[in-house]
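Undergrad: Got a structure for you, written out below as structure tokens; questions coming shortly.
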Amino acid sequence: MQKHILVIQDISFIGRCSLLAALPVFNAAGIRVTPLPTALLSSHTGFPQAYRRDLTQDMGFALEQWASMDLCFDAIHIGYLAGAHQLDVINEVLFRYKTEECLLFVDPVMGDWGKAYSYCDDALLQGMQQLCQKADVILPNRTEAAMLLGDPYHKGPDSPKDLLRQLKLLQNLGSSSAVMTGISGQPGYIGAACLSPGMQAPKAFFVTQVKGAWPGTGDLFAAALEAALLLGRNLEQACDIAVRFIAECLKNADPEHKTARFGAPFEQALPWLVDKLLEE
Ligand code: PXL
């Protein structure tokens, strides 16, 4: 049976993040996607002065129409929300569609590089903490992990002891599995670490770091990992594939990384991902 995921995040027209990253990854993996956009932005917020349209009301109208349809999802992904005021509509989605068989992925998009995004206030942080409690897998980056845990942010590298402590605390928020992105084992390397109930210790995966801040790589990573899980991989295998997928996306990137804020050139790495996902 073809898998079906509901993806709740914004559409940023410029910058290859959120739905513009998630849709092609799931499509290439043969997974059906139903998007529920939270906002329209002329570009992601890494560009100055983005035009932004909040879609909270439209989300509600869409849900009203969906009520008469026989919809069910194998997974739900929650990413960028326009603010804490969207939590009611998100909770309505979960009430209707988050069944026992449906996996909930929460990527608590709130900040990066040690800083909260300007739109992220305490109410959104609390809302994200509550969503994490209900999740099967959470995927914060290092900044978001520190925000969720109320920890100070420290510039890497992360020792195995730090990782175990943080991932255990993240799991204690209530999700069954936690994946932390943007970690570094040693200078020059970057990757992600995961911990699930079946694992004694976290497992970390690293690749050579490419210079520059590449917005959207968190969304590409999440989509690749979720696609791998939906296609039957375990969390470690999915994390490994997703880390290598990002390296593959950046293989074709501008070596001077001047174009980084336009997002990673992931399009040319999709065949690599499909090959990996189809491997036995
Ligand atoms: O990639 C995360 C993200 C998603 N959506 C919007 C963003 C960002 C990161 O900056 O600005 C609108």
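All residue numbers for the sequence shown refer to the numbering used here, where the first residue is 403 and numbers rise by one.
We treat Cβ as the ideally placed atom computed from N, Cα and C, and that holds for glycine.
For clarity, every value in this text was computed on a predicted model and none was experimentally measured.
(1) Could you check the C-alpha separation between I410 and E650 for me, to the nearest Å?
(2) Nearest CA to the CA of P562: which residue from L425, V539 and A595?
(3) Going by C-alpha to C-alpha distance, which of P599, T458, V539 and L551 sits closest to E494?
(4) Within the continuous alpha helix (DSSP H) that includes M601, where are the two ends?
(5) Just mark E546 as buried or exposed, buried being the case when its beta carbon has 16 or more other beta carbons within 10 Å.
(6) With DSSP as the reference, label Y591 as helix, strand or coil.
(7) Assuming D412 and Y482 make a contact with CB atoms under 8 Å, what is their CB distance in whole Å?
(8) Nearest to A464 by alpha carbon, out of P599, L408 and V511?
(9) Count the C-beta pairs between the stretch 422-431 and the stretch 622-635 that are closer than 8 Å, then say yes if the count reaches three, no if not.
(10) For the candidate residues R646, F664, L680 and M512, whose alpha-carbon lies nearest to that of P450?
(11) May I ask you to report which of helix, strand or coil DSSP gives T583?
(12) Closest to I478 by C-alpha separation, out of D677, E503 and P554, would be which residue?
(13) Measure the alpha-carbon distance for G552 versus D523 and round it to whole angstroms.
(14) So, at 7 Å on beta carbons, what are the nonlocal neighbours of Q531 in its own chain, with the 5 sequence-adjacent residues on each side left out?
(15) What are the boundary residues of the alpha helix (DSSP H) that I437 is part of?
(16) What are the start and end residues of the alpha helix (DSSP H) that includes I648?
(17) Identify, in the order they occur along the chain, each residue of the same chain with its Cβ nearer than 8 Å to the Cβ of W674, setting aside the five sequence neighbours on each side.
(18) For G529, write down the residues that DSSP places opposite it in a beta bridge.
(19) Looking at C-alpha atoms only, which residue of S444, A640, H659 and A537 is the closest neighbour of V676?
TA: Well, looking at it:
(1) 25 Å
(2) Relative to the Cα of P562, the nearest Cα in the group L425, V539 and A595 belongs to A595.
(3) T458
(4) Counting along the chain, M601 falls outside any alpha helix (DSSP H), and DSSP gives it neither H nor E.
(5) Around the CB of E546, 16 or more other CB atoms lie within 10 Å, so the residue is classed as buried.
(6) DSSP places Y591 in strand when its eight states are reduced to three.
(7) So it is a contact: roughly 5 Å between Cβ atoms.
(8) L408
(9) A contact exists between the stretch 422-431 and the stretch 622-635.
(10) F664
(11) strand
(12) Comparing Cα-Cα distances from I478 to each of D677, E503 and P554, the minimum goes to E503.
(13) Each residue's Cα considered, the two are about 14 Å apart.
(14) Within the same chain, Cβ atoms closer than 7 Å to the Cβ of Q531 are found at L550 and L575, the five residues on either side in sequence being excluded.
(15) Looking at the sequence itself, residue 437 is Pro, so the reference to Ile does not match. No alpha helix (DSSP H) contains P437, which is instead part of the beta strand (DSSP E) from R434 to P437.
(16) L637 to K653
(17) F647 and E650
(18) Its beta-bridge partners do not exist; DSSP assigns none.
(19) A640
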